[in-house]
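Colleague: Below you'll find the structure I mean.
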Amino acid sequence: MLVVIIVFLVICSALMFYLWWICRKDGLALNAVAGIKTMQTMASEETWLYIHRKYCAVFCVDGVIVAVMCVALAVYALATSDVNGGQGNLWWIALLVGCVALLATLIPVGIVADRDAARYNKEHGHAPLR
Numbered sequence: 031m032l033v034v035i036i037v038f039l040v041i042c043s044a045l046m047f048y049l050w051w052i053c054r055k056d057g058l059a060l061n062a063v064a065g066i067k068t069m070q071t072m073a074s075e076e077t078w079l080y081i082h083r084k085y086c087a088v089f090c091v092d093g094v095i096v097a098v099m100c101v102a103l104a105v106y107a108l109a110t111s112d113v114n115g116g117q118g119n120l121w122w123i124a125l126l127v128g129c130v131a132l133l134a135t136l137i138p139v140g141i142v143a144d145r146d147a148a149r150y151n152k153e154h155g156h157a158p159l160r
């Protein structure tokens, strides 16, 4: 079970770093799958690109957090020879701490980005989605 979780976390971390790279380089196109999705940020393609270029660092930070979670679980699995996760609850604690760290970055950045998008929309005459 831990091996599956570790592989899943590696994929998630790679996705976060890819999103960071795309946002930094070209800008993440408005889509239905990934990004900082609020009514304000999705008001226009221009707002979406502005917000994702400005707040692209959140994807890098989250990629690092997920990578640290992955390494912590891999070290636990190797140190305890427990690839199924049945010998203790320490790996659950590592996942819980990582999830709390993800939420501690995503929620505040989402709120700030939404407010910034509202200001940007007001300045540029874009109406938020309803």
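Residue numbering for the sequence shown follows this note's numbering, beginning at 31 and increasing consecutively.
Note that the Cβ used here is the ideal one computed from N, Cα and C, for glycine as well.
What's the call for ALA73, buried or exposed, on a 16-neighbour Cβ count within 10 Å?
Modeller: Translated into positions along the sequence shown, residue 73 becomes position 43. ALA73 comes out buried.
Colleague: Would you check if there are 3 or more beta carbon pairs closer than 8 Å linking the segment 53-73 to the segment 121-134?
Modeller: No, the segment 53-73 does not touch the segment 121-134.
Colleague: If you draw a straight line from the alpha carbon of ARG145 to that of GLU76, how long is it in whole angstroms?
Modeller: The residue labelled residue 145 in the question sits at position 115 within the sequence shown. The residue labelled residue 76 in the question sits at position 46 within the sequence shown. In a straight line, the C-alpha of ARG145 is about 16 Å away from that of GLU76.
Colleague: Should TYR85 go down as buried or exposed, given a rule of 16 or more other Cβ atoms within 10 Å for buried?
Modeller: Here residue 85 refers to the residue found at position 55 of the sequence shown. That one is buried.
Colleague: Go through its chain and collect everything with a Cβ distance to VAL142's Cβ below 6 Å, but skip five positions before and after it.
Modeller: Your numbering for residue 142 matches position 112 in the sequence shown. Counting only Cβ-Cβ distances below 6 Å, and skipping sequence neighbours, we find nothing.
Colleague: Report the CB separation of PHE47 from CYS90 in whole angstroms; it is logged as a contact under 8 Å.
Modeller: Taking the first residue of the sequence shown as position 1, residue 47 is located at position 17. Taking the first residue of the sequence shown as position 1, residue 90 is located at position 60. That pair is a contact at about 7 Å.
Colleague: Can you give me the Cβ contacts of CYS42 inside the same chain, cut-off strictly under 7 Å, excluding the 5 residues immediately before and after it?
Modeller: Position 12 of the sequence shown, counted from the start, is the residue given in the question as residue 42. Hits under 7 Å: VAL96.
Colleague: Do you know whose CA, among HIS156, HIS82, LEU103, ILE36, lies nearest ASN119's CA?
Modeller: Reading the sequence shown from its first residue, position 89 is the one you call residue 119. Nearest of HIS156, HIS82, LEU103, ILE36 to ASN119, Cα basis: LEU103.
Colleague: I'd like the ranges of any alpha helix (DSSP H) spanning at least 4 consecutive residues and lying wholly in the segment 58-127.
Modeller: Whole alpha helix (DSSP H) segments, 4+ residues: 75-84, 87-110.
Colleague: Check whether the Cβ atoms of PRO158 and GLN70 lie closer than 8 Å to each other.
Modeller: The count along the sequence shown starts at 1 and reaches residue 158 at position 128. The count along the sequence shown starts at 1 and reaches residue 70 at position 40. Against a cut-off of 8 Å, the Cβ pair of GLN70 and PRO158 comes out as a contact.
Colleague: What distance in whole Å lies between the Cβ atoms of VAL113 and VAL33, which are believed to be in contact at a cut-off of 8 Å?
Modeller: In the sequence shown, the residue the question calls residue 33 occupies position 3. In the sequence shown, the residue the question calls residue 113 occupies position 83. Contact holds; Cβ gap of about 5 Å.
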